[in-house]
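Visitor: Structure below; questions to follow.
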Amino acid sequence: SFSYLPLQLATYLGFIFAGISLLGIIITVILRLSGSLFFEGQATTLVAVLFLGGVQLIFLGIIGEYLGRIYDEAKGRPLYLVSHAYGFVDAADPTPPTLPPHTIQSLQPPDGSTD
Numbered sequence: 034s035f036s037y038l039p040l041q042l043a044t045y046l047g048f049i050f051a052g053i054s055l056l057g058i059i060i061t062v063i064l065r066l067s068g069s070l071f072f073e074g075q076a077t078t079l080v081a082v083l084f085l086g087g088v089q090l091i092f093l094g095i096i097g098e099y100l101g102r103i104y105d106e107a108k109g110r111p112l113y114l115v116s117h118a119y120g121f122v123d124a125a126d127p128t129p130p131t132l133p134p135h136t137i138q139s140l141q142p143p144d145g146s147t148d
């Protein structure tokens, strides 16, 4: 069976990774300004890779959701299957509604003239 859960997890993990990297950016800037950053290039590279990986996961999840919805539509299955319907007439023997008979009136004008 097809599930949207892995696609949604990719999106959620992307938001989590991007959020963690934004916190890492703030911490890296604070440590850099205070002068206590030991490895100057590694922290920036790590935060940038984590942020870009998170953004990629977000968009991968979004594209996957779209592809999943397209897959569902392409199967052409009905949205609902009704097993029992209560209070409705069975459609196995449809009878057309009866209309009262109509009479054709004369096409003569009401004043009696035959022009």
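Plus 33 on top of the position in the sequence shown (first one is 1) and you've got this note's numbering.
We put the beta carbon where it would ideally sit given N, CA and C, even for glycine.
1) Rounded to a whole number of angstroms, what is the C-alpha to C-alpha distance between Gly120 and Pro134?
2) What span of residues does the alpha helix (DSSP H) with Tyr99 cover, start to end?
3) Leaving out five residues before and five after Leu79 in sequence, what residues of the same chain have Cβ atoms less than 8 Å from its Cβ?
4) Going by DSSP in three states, Phe48 sits in which element: helix, strand or coil?
5) Can you tell me the Cβ-Cβ gap for Thr191 and Thr77, rounded? I've got them flagged as a contact below 8 Å.
6) Taking the alpha-carbon positions, what's the Ile49 to Ser116 distance?
7) Near Leu114, which residues of its chain fall below 7 Å by C-beta distance, leaving aside the five closest residues on each side in sequence?
8) Taking only three categories from DSSP, how would you classify Ser54?
9) Output the distance between the C-alpha atoms of Ala158 and Leu46, rounded to the nearest integer angstrom.
10) Return the CA-CA distance between Phe35 and Gly74, expressed in angstroms with no decimal places.
Guide: With the given structure in hand:
1) CA-to-CA, the gap between Gly120 and Pro134 works out to about 31 Å.
2) Start and end: Glu73 to Lys108.
3) So the list reads Gly57, once near-sequence residues are dropped.
4) Helix.
5) The first residue shown for the chain is 34 and the last is 148, placing residue 191 beyond what the model contains.
6) Those two C-alpha atoms are separated by around 43 Å.
7) Excluding positions up to five away in sequence, the list is empty.
8) When DSSP states are grouped into helix, strand and coil, Ser54 belongs to the helix group.
9) Here the chain has residues from 34 to 148 only, and residue 158 is not among them.
10) Straight-line Cα distance between these residues: approximately 44 Å.
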